[in-house]
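> Listed in order, the protein sequences are those of chains C and A. Each residue of the first sequence is one higher than the one before, starting from 2 at the first, in my numbering. Each residue of the second sequence is one higher than the one before, starting from 2 at the first, in my numbering. Cβ coordinates follow ideal geometry from the N, Cα and C atoms, glycine included. Since this is a predicted model, take the numbers as computed values, not measurements.
2 protein chains.
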Amino acid sequence: MTDKQRHSWVSIRDSIREMILNSTYGPGDKLPRDEEFAAQFGCARSTVHRAMRDLAQSGLVERRRKGGTTVRRDPVTRATLNIPITRLEVEQKGSTYGYQLIRQSVQPTSPAIMANFALPEARPMLRVEALHLADSRPYIFEDRWICLETVPEITSVDLTRESANEWLVRNRPYSRCDLRLYARPGSANDSEILQSKPGDALFVMERTTWIGEAPITSLSAVAHPGYQLFTQG
Amino acid sequence: MTDKQRHSWVSIRDSIREMILNSTYGPGDKLPRDEEFAAQFGCARSTVHRAMRDLAQSGLVERRRKGGTTVRRDPVTRATLNIPITRLEVEQKGSTYGYQLIRQSVQPTSPAIMANFALPEARPMLRVEALHLADSRPYIFEDRWICLETVPEITSVDLTRESANEWLVRNRPYSRCDLRLYARPGSANDSEILQSKPGDALFVMERTTWIGEAPITSLSAVAHPGYQLFTQG
DNA sequence: TACATTAATATGTAGCTACATAATAATGTC
DNA sequence: GACATTATTATGTAGCTACATATTAATGTA
């Protein structure tokens, strides 16, 4: 009795995931070809393909041309982080956003920033240190380097009024973003800026972006004690 | 001269992104319909659709049926975190993996864990405290709660030999995963287990997973001082 | 046997059609 | 004018065909 109802790729995906879950296909096993699954489910290969692409993206299976599809031996947890503009993050929590430029100057790239960009030699960059506030309390301190060759217009932006964070995100989409997250103890300098106590544990987000091969910006954002980063399911 | 060469959805996506980048379409603007773009580029609507889906997923545009496609006013940085099994993470760094069960006992759900699962009432859970080691040094300490109703088989697993982390990830795929990341100062207890100094800043990853509506596990993983979490671009 | 060449194969992509779905706009009725 | 009903519209999905691409397997040759 061939079922003639249409099958959504979501239901196909769930069926295949279920089979992997209940060990019909175990870790390392090769799955049937898309065409076979299509025949089995009574749907088109394109529908199976869509389902498979999703399973591959979520890290459950691996696909290789000619090699076929295999269940990953070492499943990974893949989570998508949503990092909004800081102002919006603050406002969404119902707080009043504040912004404060601390320092800005043109400098040659520091070794650490060169490493972030994987640059072989130093380039002129604008270094901007600024503080984001929530209800007048320090929220996130950012130490940002902006590549002047890639973003020359930044010099004509009044960074005392508009944060570089916001200007860049609105005016300079990027094609690649590297992220690094870690914790570090607050220094004396942190204490002063973030009004934290020395010895507080601070959450640090380092972000480096490119457009094509050209470096845009690299920054380290240090959050106030108690800050938490969530996934948006 | 209509170009009859085939256009890949990647190149279409890049073209549209480029237009958004160079302000042909600004934040909040409505983009042309897929069909119009297709005519403009000389490709099929499905190709534009594929490109648009990618742009929507990366957070640059928003799509709504009938409403059309608009450039997001508040672009977000979307980054995908890859959280592998701890053993593999350690081995991939070239270190020798070690594992040590510290405690395990059946307990009613603690209020904090109930909140993570959004459970209205307590359920019997297996609480497992274990330490992952890299080259015999503490790497990550995990305090895990496993729902016995959803995963009854866990009671027959010898958790002194195999980590719950590994058993679950191999045997219990999840459909939903919530993640929370933050920093906290090390306590005296942490110092003992992680061999950290009191006052060290510790990186904490809290992870809660479900299969369908059923809770699987909720854990807090505390990493050794110096631990960093990366995105895999 | 060793190595280069060729064939086979499973996934990946582009293009088309047809229809589904959600959200807005237009319309009708009281 | 207020509200329910209906049409319109842009995206979303399913199915099909054809071809591209990467990789393995098979084959041929020295």
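Hey, could you find the ends of the beta strand (DSSP E) S219 (chain A) is sitting in?
Its beta strand (DSSP E) spans residues A215 to A224.
> What is the rounded straight-line gap between the Cα of F204 (chain A) and the Cα of F38 (chain C)?
About 43 angstroms.
> What first and last residue would you give for the alpha helix (DSSP H) that runs through D35 (chain C)?
From DSSP, the alpha helix (DSSP H) with D35 (chain C) extends over D35 to F42.
> Run through the region 144–224 of chain C for me and flag every whole beta strand (DSSP E) of 3 or more residues, listed as ranges in chain order.
Taking only runs of at least 3 residues, the beta strand (DSSP E) segments lying wholly in the region 144–224 of chain C are 177–186, 202–212 and 215–224.
> How is P125 (chain A) classed by DSSP in three states: helix, strand or coil?
Here P125 (chain A) sits in strand by DSSP.
> Spatial neighbours of L102 (chain A) within its chain, please: CB distance less than 6 angstroms, with the 5 preceding and 5 following residues excluded, ordered by chain position.
Correct list, in chain order: A131, L160 and T161.
> To the nearest angstrom, how far is the alpha carbon of E242 (chain C) from that of S157 (chain A)?
Limits of chain C in this structure are 2 at one end and 234 at the other, which puts residue 242 (chain C) out of reach.
> Using only the alpha-carbon positions, how far apart do E19 (chain A) and R173 (chain C) sit?
Using only the alpha carbons, I get a separation of about 10 angstroms.
> Between which two residues does the beta strand (DSSP E) containing N83 (chain C) stretch?
Element bounds for N83 (chain C): T78 to I84.
> Going residue by residue through the region 91–124 of chain C, where are the continuous alpha helix (DSSP H) segments of at least 4 residues, counting only ones entirely within it?
Here the runs fully enclosed are 112–118.
> Below 8 angstroms between beta carbons: does that hold for V72 (chain C) and I21 (chain C)?
Taking 8 angstroms as the Cβ cut-off, V72 (chain C) and I21 (chain C) qualify as a contacting pair.
> Which residues in chain A sit within 7 angstroms of R46 (chain C), going by Cβ to Cβ distance?
Within 7 angstroms Cβ-Cβ: nothing; R46 (chain C) doesn't reach chain A, min ~15 angstroms.
> Within the same chain, show all residues whose beta-carbon is closer than 7 angstroms to that of R124 (chain A), passing over the 5 residues directly before and after it, in chain order.
So the list reads T110, C148 and E150, once near-sequence residues are dropped.
> Indicate whether at least one CB of chain C lies closer than 8 angstroms to the CB of P216 (chain A).
Answer no: the Cβ-Cβ gap between P216 (chain A) and chain C never drops below 8 angstroms.
> Taking only three categories from DSSP, how would you classify T25 (chain A)?
Correct three-state label for T25 (chain A): coil.
> At a CB-CB cut-off below 8 angstroms, which residues of chain C make contact with C178 (chain A)?
Per Cβ cutoff of 8 angstroms: T78, A80, T232 and G234.
> Taking only beta-carbon positions, decide if Y98 (chain C) is within less than 8 angstroms of chain A.
So, not an interface residue.
> Would you call V11 (chain C) buried or exposed, if buried means 16 or more other Cβ atoms sit within 10 Å of its Cβ?
Exposed: under 16 other Cβ atoms inside 10 Å.
> Can you tell me whether A240 (chain C) is helix, strand or coil according to DSSP?
Chain C is shown only over 2 to 234; residue 240 (chain C) falls outside these bounds and no answer can be derived.
> Identify the contact partners of G200 (chain C) in chain A, using a Cβ-Cβ distance below 7 angstroms as the criterion.
Within 7 angstroms Cβ-Cβ: P186 and G200.
> Taking V49 (chain C) as the query, report the chain A residues whose CB atoms sit under 9 angstroms from its CB, ordered along the chain.
In chain order: nothing, as chain A lies at least about 17 angstroms away.
> Assess contact between the region 184–201 of chain C and the region 193–211 of chain A, defined as three or more Cβ pairs (one per stretch) separated by less than 8 angstroms. Is contact present?
Taking 8 angstroms as the limit for Cβ pairs, the verdict is that the region 193–211 of chain A does touch the region 184–201 of chain C.
> Can you list, in chain order, the residues of its chain with a C-beta nearer than 7 angstroms to that of T210 (chain C)? Leave out the 5 residues immediately preceding and following it.
Hits under 7 angstroms: Y175, R177, C178, I217 and T218.
> Using a Cβ-Cβ cut-off of 8 angstroms, state whether I86 (chain A) counts as contacting chain C.
So, interface residue.
> Assuming R64 (chain C) and T70 (chain C) form a contact by the criterion Cβ under 8 angstroms, report the distance between their Cβ atoms to the nearest whole angstrom.
That belief holds up - the Cβ atoms of R64 (chain C) and T70 (chain C) are roughly 5 angstroms apart, short of 8 angstroms.
> Report the rounded CA-to-CA distance for V129 (chain C) versus A224 (chain A), giving the unit in angstroms.
Approximately 31 angstroms, taken between the alpha carbons.
> Starting from R65 (chain C), follow the alpha helix (DSSP H) in both directions and report where the run begins and ends.
It is not in any alpha helix (DSSP H) - R65 (chain C) instead sits in the beta strand (DSSP E) that spans V62 to R65.
> Secondary structure at R138 (chain A), three-state DSSP: helix, strand or coil?
Strand at R138 (chain A).
> Looking only at DSSP bridge pairs, what is L230 (chain A) linked to?
Answer is C:L182.
> Using DSSP's beta-bridge definition, name the partner residues of T70 (chain C).
In the DSSP output, where bridge partners are listed per residue, T70 (chain C) has C:R64.
> What does the Cβ neighbour count give for T3 (chain C), buried or exposed, with the cut at 16 atoms within 10 Å?
Here the model assigns T3 (chain C) a pLDDT of 40, short of 50, so the residue's position is not dependable and the matter cannot be decided.
> 8 angstroms is my cut-off, CB to CB: does L169 (chain A) come that close to chain C?
No, L169 (chain A) lies away from the interface with chain C (no Cβ there is under 8 angstroms from its Cβ).
> Judging by CA-CA distance, which residue of C:I155, C:R51, C:T81 and C:S221 is the nearest neighbour of Q58 (chain A)?
Closest option to Q58 (chain A), Cα to Cα, is C:T81.
> Given that a residue counts as buried once 16 or more other Cβ atoms are within 10 Å of its Cβ, and exposed if not, what is A119 (chain A)?
Exposed, because fewer than 16 other Cβ atoms sit within 10 Å of the Cβ of A119 (chain A).
> With a threshold of 8 angstroms between beta-carbons, can N83 (chain A) be considered close to chain C, or not?
So yes, N83 (chain A) belongs to the interface.
> Whose C-alpha, out of C:K94, C:S24 and C:M53, is nearest the C-alpha of S9 (chain C)?
Nearest C-alpha to S9 (chain C): C:M53.
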